[in-house]
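*Asks:* Numbering of the sequence shown is given in this note's numbering, commencing with residue 252 and proceeding in unit increments.
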Amino acid sequence: MSVNPPNVLLVDDEPWFSEALAYSLEGRGVTCLVARDATEAISLMADYLIAVLVTDIMMPAGHAFRGVEATETGFRFMEHVQDLWPGIPIVCLSVIGDQAKIDLLKRKGIRYLRKGEISLEATVRIIATLAIGRRYRA
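(1) Which class does Ser370 belong to by DSSP, given the choice of helix, strand or coil?
(2) Does the distance from the C-beta atom of Thr290 to that of His314 stay below 8 angstroms?
(3) Does the stretch 264-277 come into contact with the stretch 351-362, if we say contact requires no fewer than three beta-carbon pairs (one atom in each stretch) closer than 8 angstroms?
(4) Classify Leu261 as helix, strand or coil using the three-state DSSP reduction.
(5) Taking Cβ positions only, does Met329 come closer than 8 angstroms to chain C?
(6) Report yes if the CB atom of Met329 is closer than 8 angstroms to the CB atom of Ile341, and no otherwise.
(7) Secondary structure at Arg362, three-state DSSP: helix, strand or coil?
(8) What first and last residue would you give for the alpha helix (DSSP H) that runs through Val332?
(9) Please report the residue range of the beta strand (DSSP E) in which Ala286 lies.
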């Protein structure tokens with residue numbers, strides 16, 4: 252029986268950011284999948300076993316969340332993920348500063364990391380540690 256590298260799903264509409272994060276995580280033995288919106292992410296989650304979800308808040312909704320404002324897409328997406336895949340750890344990596352919303356995320360068991368305030372190295376360490384702790388056997 253072999254151990255597959257854990258899959259981390261990165262959901263962000265800023266390709267430069269998710270590409271840098273993916274490159275660093277893959278150097279730590281993690282496989283990264285990248286989605287540019289919530290709809291694409293849901294499709295990937297249905298097709299792959301995801302060890303950790305890393306998502307932004309402000310992003311395009313795609314057709315799965317039609318009518319949802321970009322500022323709310325991530326919140327709706329994370330709720331949807333928790334309903335359908337309740338065991339997947341979620342890391343919210345965003346720039347929101349609304350402490351009430353951050354506290355709500357934390358109460359829901361979602362780890363919040365603020366872009367620009369946490370280094371790439373620290374971000375990679377946190378995500379890789381979560382993912383490697385959830386390796387799956389083939």
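Ideal Cβ placement from N, Cα and C applies to all residues, glycine included.
*Replies:* Judging by the given coordinates:
(1) Coil, per DSSP.
(2) Contact flag set, yes.
(3) Between the stretch 264-277 and the stretch 351-362, the count of Cβ pairs shorter than 8 angstroms is below three; the stretches do not touch.
(4) If DSSP states are grouped into helix, strand and coil, Leu261 belongs with the strands.
(5) Among the chains in the structure shown there is no chain C, since it carries only a single protein chain.
(6) Here Met329 is near Ile341, since their CB atoms are less than 8 angstroms apart.
(7) In this structure, Arg362 counts as strand in the three-state DSSP scheme.
(8) Counted as a single uninterrupted DSSP element, the alpha helix (DSSP H) harbouring Val332 occupies residues Ala321 to Leu335.
(9) In the DSSP annotation of this structure, the continuous segment of the beta strand (DSSP E) that includes Ala286 starts and ends at Thr282 to Ala286.
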